[in-house]
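Numbering (our numbering), first residue to last: 36 to 275. Reviewing the structure listed below.
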Ligand code: ADP
Ligand code: MG
């Protein structure tokens, strides 16, 4: 199958004063469509940097990043913004919801950028919130919801445009075990249903059980790529 994303000899060096930090040191990788990937590695191994580069949030210092025959690393800010709106969804560890907006308003945001009409935006956002189990929380603000509920809102927001790639950077880092499995079941279930590529960053081995491929990173390099027979649903079961 054609890869959705290819990285060729990608390097990222940060300069801090006179010091150089090599966050990514020659990455060659391909992500296939409709697969679930897990990026595993200790803190500082370059996971977030890799996501940021693929999402076009940062430029590589060297190498090429190719999304369906387009060089992301060559795009200007305007094209990148469009590329992200059309193709990328994000789920963050810290949820990144706008505190002054309701759940419904937060989920409609990506549709505003896509110029969907207000009535249609509301209808689709309400449908997404129902799909993540929050049909009774449409008017709640983030501060009026639990961490798990806020993460559900951010999942609804990430998926509402049906982007071809969804990134999740430590999506369950702030959640308890039971909620972690609920979120993982939800995110991976939606990605399968919509036939999306899902790239999850984590340092939690349990989460990697959901992935088709487990990419292990170390010191800015790919240490190993493992194939996995992914699980679909996991319950928080003490007997396991
Ligand atoms: P991970 O997500 O695996 O914990 P990161 O990709 O965040 O790792 O970071 C990789 C390395 O790059 C770390 O050593 C980190 O300190 C450094 N780094 C990340 N972002 C920056 C930045 N904006 N400026 C300088 N150094 C950075
Ligand atoms: Mg990180």
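By construction, the Cβ of each residue, glycine as well, lies at the ideal position given by its N, Cα and C atoms.
Inset, instruction - Report yes if the C-beta of residue 82 is less than 6 Å from at least one heavy atom of the ligand MG; otherwise report no. - result: Here residue 82 is taken as the residue at index 47 of the chain shown, counted from 1. Correct: residue 82 has its Cβ closer than 6 Å to the ligand MG.
Legend entry - Rounded C-alpha distance that separates residue 136 from residue 52: To locate residue 136, count along the chain shown from 1; it is residue 101. To locate residue 52, count along the chain shown from 1; it is residue 17. Rounded to whole angstroms, residue 136 and residue 52 show a C-alpha spacing of 39 Å.
Legend entry - Environment of residue 158 [buried if 16+ CB atoms lie within 10 Å]: Stepping through the chain shown from its first residue, residue 158 is reached at position 123. Exposed: under 16 other Cβ atoms inside 10 Å.
Inset, instruction - Please go through the same chain and pick out, in chain order, the residues whose beta-carbon is closer than 7 Å to the beta-carbon of residue 149, but skip the five residues on each side of it. - result: As a first step, residue 149 is located in the chain shown; it is residue number 114 there, counting from the start. Same-chain partners within the cutoff: 120, 196.
Legend entry - Residue from 74, 64, 50 whose Cα sits closest to the Cα of residue 204: Here residue 204 refers to the residue found at position 169 of the chain shown. Nearest in C-alpha terms to residue 204, of all of 74, 64, 50, is 74.
Inset, instruction - Hey, could you find the ends of the alpha helix (DSSP H) residue 188 is sitting in? - result: Here residue 188 is taken as the residue at index 153 of the chain shown, counted from 1. Start and end: 182 to 194.
Inset, instruction - Under 7 Å Cβ to Cβ from residue 91, same chain only, skipping five residues before and after it: list those, please. - result: As a first step, residue 91 is located in the chain shown; it is residue number 56 there, counting from the start. Result list for residue 91: 107, 110, 115, 118, 119, in chain order.
Legend entry - Cut-off 8 Å between Cβ atoms - residues of its own chain near residue 174, not counting five sequence neighbours on either side: Here the question's residue 174 lines up with position 139 in the chain shown. Counting only Cβ-Cβ distances below 8 Å, and skipping sequence neighbours, we find 137, 138, 139.
Inset, instruction - Tell whether a beta-carbon distance below 7 Å holds between residue 102 and residue 40. - result: Residue numbering aside, residue 102 sits at position 67 when the chain shown is read from its first letter. Residue numbering aside, residue 40 sits at position 5 when the chain shown is read from its first letter. Their beta carbons are under 7 Å apart, which means residue 102 touches residue 40 by this criterion.
Inset, instruction - Return yes when the Cβ of residue 185 is within less than 7 Å of the Cβ of residue 146, no when it is not. - result: In the chain shown, counting from the first residue as 1, residue 146 sits at position 111. In the chain shown, counting from the first residue as 1, residue 185 sits at position 150. The Cβ atoms of residue 146 and residue 185 do not sit closer than 7 Å to each other.
Legend entry - Residue from 177, 229, 189, 245 whose Cα sits closest to the Cα of residue 128: Within the chain shown, residue 128 is the residue found at index 93, counting from 1. With distances taken between Cα atoms, residue 128 lies closest to 189.
Legend entry - Inter-residue spacing [alpha-carbon to alpha-carbon] between residue 167 and residue 263: Taking the first residue of the chain shown as position 1, residue 167 is located at position 132. Taking the first residue of the chain shown as position 1, residue 263 is located at position 228. If I take the Cα positions, the gap works out to 26 Å.
Legend entry - Residue interval of the beta strand (DSSP E) (run including residue 94): To locate residue 94, count along the chain shown from 1; it is residue 59. Element bounds for residue 94: n/a, residue is neither H nor E.
Legend entry - Burial state of residue 179, where buried means 16 or more other Cβ atoms lie within 10 Å: Taking the first residue of the chain shown as 1, we reach residue 179 at position 144. Per the 10 Å Cβ criterion, exposed.
Inset, instruction - Using a threshold of 7 Å, state whether the C-beta atoms of residue 244 and residue 260 are closer than that. - result: As a working note, residue 244 is residue 209 in the chain shown. As a working note, residue 260 is residue 225 in the chain shown. No, these two residues do not count as a Cβ contact at 7 Å.
Legend entry - Backbone CA spacing between residue 86 and residue 202 [nearest angstrom]: Position 51 of the chain shown, counted from the start, is the residue given in the question as residue 86. Position 167 of the chain shown, counted from the start, is the residue given in the question as residue 202. So the two alpha carbons sit approximately 7 Å from each other.
Inset, instruction - Quick one: using the 10 Å Cβ neighbour count with 16 as the cut-off for buried, is residue 50 buried or exposed? - result: Counted from its first residue, the chain shown places residue 50 at position 15. The residue in question, residue 50, is exposed, as its Cβ has fewer than 16 Cβ neighbours within 10 Å.
Legend entry - Chain-order list of residues whose beta-carbon lies under 7 Å from that of residue 215 (same chain, five-residue window excluded): Here residue 215 corresponds to residue number 180 of the chain shown, with the count starting at 1. If we look at residue 215 and ignore the five residues flanking it on each side, its Cβ neighbours are 207.
Legend entry - Contiguous alpha helix (DSSP H) assignments of at least 4 residues, all confined to the stretch 40 to 125: Complete alpha helix (DSSP H) runs here, min 4: 82 to 89, 112 to 122.
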